[in-house]
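Here the structure is laid out as structure tokens; the discussion comes afterwards.
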Amino acid sequence: MVPGDLRYTKEHEWIRVEGDEAVIGITRHAADQLGDIVFVELPGVGRALEATATFGVVESVKAVSDLFAPVSGEVTGTNDALAGSPEVVNADPYGDGWMLRVRLADPGQVDGLLDAAAYDALIAEG
Amino acid sequence: MPYGPHTADDRARMLETIGIATVDELFEAIPEALRAGPLRLDGPEPELELSARLAGLAARNRVDLASFLGAGAYRHWTPAVVDQMLLRGEWYTAYTPYQPEVSQGTLQSIYEYQSMLAELTGLDVVSASHYDGGAATAEAALMTCRATRRERILVSRAVHPHYRQTLETYASGAGLVADEVPLVADGPRAGTTDLVALARLLDDPARPVAGVVAAQPNVLGLLEDMSEVGRLAHAAGALFVSVIEPVSLAVLAPPSEYGADIAAGEGQPLGIPLQYGGPYLGIVACTDPLVRQIPGRLVGQTTDLDGRRAFVMTMRAREQDIRREKAASNICTNQALLALAASVYLAAIGPHGLRDVAAGGAARATELEAALAAAGAPRVHAGAYLNEFVVRVPDARGVHARLLGRGVLAGIPTADLLPDETALSDGLLVCATEVTTSAEIGQFASALRAELAGAPAARGAR
């Protein structure tokens, strides 16, 4: 069961709303599927995110995947620790492995994302 | 598995599978006028007669000329061991196998190529080779755009025109803009990149620059103030690409010393013969922060389960087989056999040998400058050069053509190389290397003196 307090995308990002900001990362399912993550490329602070557009790249020893923005907004912080320790994404995807902090352009967008039950169903389908 | 050509039956089955009647249908998107017609070849001949015919054709090449042609491809002496190594069957594929780690020898040769070029350039990462200097320069320019997420490149007009054309082709295909930086017209810095113009081109907040591309030595043989080019680029948030000539790095400051983020260049001078424009060897090197932007293969060293040294393909996820449309490049391959030639050449000749090659060429060029000046063709530019420079000759094209009749290939008319530079309409770009002899220099100087005096060429001197 994935954390119940988060919302999810079909592309396996999670988002946690904190006031008018939100924190974004990738799910444990995504991290497990990718395998050992060796590099995370994130946008700079101040960059505009557009919902469903790519905002970065996560690279494992066997694949490279785009990261898709769950919502629109402006990047207010990035997890700089991932530059030196990208494996944290594998170890703690919902905690220390977070990627971005954004200021939400439209908090209503979050309601359109998958809830935990829907995301669980999605990954159960395989 | 055996490697052999497809049989007629193979081809028929493949055509049937994809649902077309003839191979030509695959090429229908190409206008008919642009397609190659059938080759009109004579019937088979006995090998003896064919050899004689080919020898006759080969004899039409002018191999008797005293050559002073450089302009991006250079004559050098190559130790016999280089060719001997290339003839070994183990090397006879340009490709790494699909399970590359099986071929430790191939990977080690690539790793050593990377290591030696890293030492020469002073940069952290070297890719396992590209098509040629032009492709390498274009790839380097694209790297700056990916790394900065900007879309405008500035390239000095003192970068080889073929490289600029290649860069323009790559850039336009990627929706990027390549603007050219003019040359200084006169004075002590004539023929080098105009730094005032560069600063002005960089100072356009609406059109931020991803990378600045300049060559050392530049296409006119002159030494640029690379530190200043780099400083200006970095001050504007742009990256700095240095187009290098690898032999020169034995005597000139390496790109790392003047702040280059990327070095690109033509590897032909490293043990690769002059061969009608290729195949040659593209060199790309970069600093560690740009490692995920460098295109092409990278071989790394590691240890296996038993702790033994082992070589692996690394950072594969940048590559087209893994990353597909997001690959660092989908228009690159490697030139493994030629990279091997460069490695064997560098290993055989050693750092002191390479220094002798570079310094020997520079000494010969000084001798050439004095001889040509005495013959009535002084240098055009005042700045420092290494082994290539421009001399002023009235009617340079005509003189160049007539000197062929006197057994001299007098470099290249600058009007042909750089037709847009009106200040260079009466110049010859000439070059000397360590294989240039005093006798050849004497021949050039006396032929030029006679030509400038209007004397007819001696009959039979073809």
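For the protein sequence lines, the chains are A and B, in the order given.
Reminder that position 51 of the first sequence reads as 51 in my numbering, one-by-one numbering, no gaps.
Reminder that position 222 of the second sequence reads as 1222 in my numbering, one-by-one numbering, no gaps.
By construction, the Cβ of each residue, glycine as well, lies at the ideal position given by its N, Cα and C atoms.
Residues of the same chain with a CB within less than 8 Å of the CB of residue 1303/B, apart from the 5 flanking positions on each side, are 1309, 1310 in chain order.
Between the region 1118–1131 of chain B and the region 1251–1264 of chain B, the count of Cβ pairs shorter than 8 Å is three or higher; the stretches touch. For residue 55/A, the three-state secondary structure derived from DSSP is strand. The beta-bridge partner set that DSSP reports for residue 1413/B consists of 1428/B.
Any Cβ of chain B closer than 8 Å to the Cβ of residue 39/A would place that residue at the interface, and such an atom is present. Chain-order list of chain A residues neighbouring residue 1292/B: 39, 41, 59, by C-beta distance under 8 Å.
DSSP, reduced to helix, strand and coil, places residue 1398/B within a helical segment of the structure shown. The region 1084–1092 of chain B makes no contact with the region 1353–1360 of chain B: fewer than 3 CB pairs, one atom from each, lie closer than 8 Å. Straight-line measurement puts the Cα of residue 1043/B at about 15 Å from the Cα of residue 1054/B.
Contact between the region 87–104 of chain A and the region 30–48 of chain A is present: 3 or more CB-CB pairs across the two stretches fall below 8 Å.
Residue state for residue 1144/B is assigned as helix, using DSSP reduced to three classes. DSSP places residue 14/A within a strand segment (E or B) once states are collapsed to three.
The region 1165–1182 of chain B makes no contact with the region 1273–1291 of chain B; the number of CB pairs closer than 8 Å stays below 3.
Distances from the CA of residue 104/A to each of 120/A, 83/A, 69/A, 79/A were compared; the closest alpha carbon is that of 69/A.
Residue 1407/B holds the alpha-carbon nearest to the alpha-carbon of residue 1061/B among 1407/B, 1439/B, 1422/B, 1440/B. Spatial neighbours of residue 115/A in its own chain (CB-CB distance under 7 Å, excluding positions within 5 residues in sequence) are listed in chain order as 7. By the Cβ neighbour-count rule, residue 1084/B is exposed, with fewer than 16 other Cβ atoms within 10 Å of its own.
Here residue 19/A carries a coil assignment [DSSP, helix/strand/coil]. Residue state for residue 1092/B is assigned as coil, using DSSP reduced to three classes. Under the three-state reduction of DSSP output, residue 1162/B falls in the helix class. Per the coordinates, the alpha-carbon of residue 1034/B lies some 33 Å from the alpha-carbon of residue 1339/B. With fewer than 16 other Cβ atoms from the protein chains shown falling within 10 Å of its own Cβ, residue 1045/B counts as exposed.
Contact check for residue 1281/B and residue 1342/B: beta-carbon distance about 6 Å, within the 8 Å limit, so the pair qualifies. Shown here for residue 1365/B: same chain residues with a beta carbon closer than 6 Å to its own, the five before and five after excluded, namely 1387, 1432 in chain order. From the listed residues 100/A, 25/A, 44/A, 58/A, the smallest Cα separation to residue 1318/B is found for 58/A. Comparing alpha-carbon positions, the option among 1227/B, 1225/B, 1228/B, 1216/B lying closest to residue 1250/B turns out to be 1216/B. Residue 1332/B has its alpha-carbon roughly 7 Å from the corresponding atom of residue 1131/B. When secondary structure is reduced to three states using DSSP, residue 1257/B falls in the helix class.
Within its own chain, the residues whose Cβ lies closer than 6 Å to the Cβ of residue 1219/B, once the five positions on either side in sequence are excluded, are 1158, 1160, listed in chain order. Just so you know, the alpha carbons of residue 1288/B and residue 1112/B end up roughly 18 Å apart. With a 10 Å radius around the Cβ and a threshold of 16 neighbouring Cβ atoms, residue 1422/B comes out exposed. Within the same chain, 7, 15, 17, 22, 70, 71, 104 come within 8 Å of residue 110/A by CB-CB distance, once the 5 residues on both sides are set aside.
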